[in-house]
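S.K.: Numbering (my numbering), first residue to last: 7 to 159.
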């Protein structure tokens, strides 16, 4: 989905919820869709304030659920009391997340088998899958061998 299409979807979704399209919400949208890697709410606040310094923390925290409900963002929980987000740039929901336990970097790789697996195990119970995720926690081999992780910022 292009940024223009995503922006139109966001504006339309706000309208269906009876919410106004404000400069702050648009700055949050623009900041989120400019990101190429996973980000936290606080990082989004910082990026959005670079676009519009009037963006408030409260507006970021109120806008994130709207962007998730509208399928514009994906929320990723790596089990550390901190949620990460990533724009849904396409319709590929069949991804596995690999989290480096040494630097908390989140990698996403294509996992087309997930659709088959989810359907197979669900149908055995008479259920239809609605969502699924595969998350792998791993340690960095390079860090263990050399003391340096090429993924650390």
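Don't be surprised by glycine CBs; every beta carbon is placed ideally from N, CA and C.
Could you name the residues of the same chain whose beta carbon sits closer than 7 Å to that of residue 44, not counting the 5 residues immediately before and after it, in chain order?
M.R.: The answer, listed in chain order, is 82, 90, 91, 92 and 112.
S.K.: Report the option in 69, 129 and 141 whose CA atom is closest to the CA atom of residue 31.
M.R.: It is 69.
S.K.: Put residue 23 into one of helix, strand or coil per three-state DSSP.
M.R.: Reduced to three states, the DSSP call for residue 23 is coil.
S.K.: For residue 1, I'd like the list of residues in its chain whose CB is within less than 7 Å of its CB, leaving aside the five on either flank, ordered along the chain.
M.R.: Residue 1 lies beyond the stretch modelled for the chain, which goes from 7 to 159, so this question has no answer here.
S.K.: To the nearest angstrom, how far is it from the Cα of residue 118 to the Cα of residue 15?
M.R.: Rounded to whole angstroms, residue 118 to residue 15 spans 26 Å at the Cα level.
S.K.: In the structure shown, what three-state DSSP assignment does residue 70 receive?
M.R.: Helix, per DSSP.
S.K.: Can you tell me which of the three DSSP states residue 103 falls into?
M.R.: If DSSP states are grouped into helix, strand and coil, residue 103 belongs with the strands.
S.K.: Mind checking which residues open and close the beta strand (DSSP E) that includes residue 115?
M.R.: First-last of the beta strand (DSSP E) with residue 115: 112 to 116.
S.K.: Nearest to residue 85 by CA position, among 24, 94, 8 and 104, is which residue?
M.R.: It is 104 whose Cα lies nearest to the Cα of residue 85.
S.K.: Please tell me whether residue 155 and residue 148 are closer than 8 Å, where the distance is taken between their beta carbons.
M.R.: Going by C-beta atoms, residue 155 is nearer than 8 Å to residue 148.
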